[in-house]
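The next block holds one structure in the form of structure tokens; read it before the comments.
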Amino acid sequence: ILAYSPLYISRKGEWVKLNVVSGRVQGKGVVMSLEGITDPDQVLPLIGSELAITKEQLKPTANDEFYWSQLIGLTVINEKDETLGVVDSLHETGANDVLVVKNKEQKTEQLIPFVMEEVVQLVDLDAQVIRVDWELDY
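Numbering-wise (our numbering), the sequence shown opens with residue 659 and increments by one.
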């Protein structure tokens, strides 16, 4: 997070732009100096706030790498061209990421391991499709 500046911080439902002056990792957290924040009392309301960056600040990915935000909303189909649903969210499990695929018509939710080549056969961002080796009834 220290490599990105500016950062955007959620304040009362709005995103506020803040420039990072310096910072360091400390324990399980990050301590940083932000432009315009000079008094410890100014920091207290910011503790625990959500941080964000713009999409343009993200580094390009390799052909077989994807940001989660790129996958959310993609249609998931299997090798039989059956539509399983749409990626609603993802979860990190330690072993691999998991796609949460929701089918509104059938009112179902499937958890599909995001394992390239074994389960995920293709991710086509242009076509907005993920092809998987997965059945409707798994």
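Ideal Cβ positions, reconstructed from N, Cα and C, are used throughout, including at glycine.
Fair warning: this is a prediction, and the values are worked out from it, not measured in the lab.
Residue i: buried (16+ other C-beta within 10 angstroms of its C-beta) or exposed?
i    : result
G731 : exposed
I659 : exposed
G687 : exposed
Q768 : buried
L783 : exposed
L692 : buried
A702 : As written in the sequence, residue 702 is Leu, which differs from the Ala given in the question. Per the 10 Å Cβ criterion, exposed.
I'd like the list of long-range same chain contacts for residue i, defined as Cβ closer than 7 Å, with 5 residues on each side in sequence excluded.
i    : result
E740 : L794
Taking C-alpha atoms, which residue in the options lies nearest to residue i?
i    : options                : result
F772 : W792, Q764, K765       : W792
V745 : K686, D699, G671, R789 : R789
L729 : K738, V758, D697       : V758
R682 : M690, T696, T751       : M690
W673 : T719, S707, E763, A753 : S707
Assuming residue i contacts residue j under a Cβ cut-off of 8 Å, what Cβ separation, rounded to an integer in Å, is found between them?
i    : j    : result
I770 : V777 : 6 Å
L709 : I735 : 35 Å between Cβ atoms; not a contact.
L665 : I705 : Rounded, the Cβ-Cβ distance is 14 Å, inconsistent with contact.
G743 : K760 : 5 Å
Once you ignore the five residues that flank residue i on each side, which residues in its own chain have a CB closer than 8 Å to its CB?
i    : result
Q715 : Y662
L748 : W726, L729, I730, D755, V756, L757, V758, F772
Residue range of the beta strand (DSSP E) that residue i falls in?
i    : result
W673 : 672-676
V777 : Note, V777: premise wrong, no beta strand (DSSP E); not H, not E.
Given the structure, does residue i come close to the ligand PLP, in the sense that its CB is under 6 Å from one of the ligand's heavy atoms?
i    : result
N736 : Looking at this structure, you won't find the ligand PLP or any other ligand, since it has none at all.
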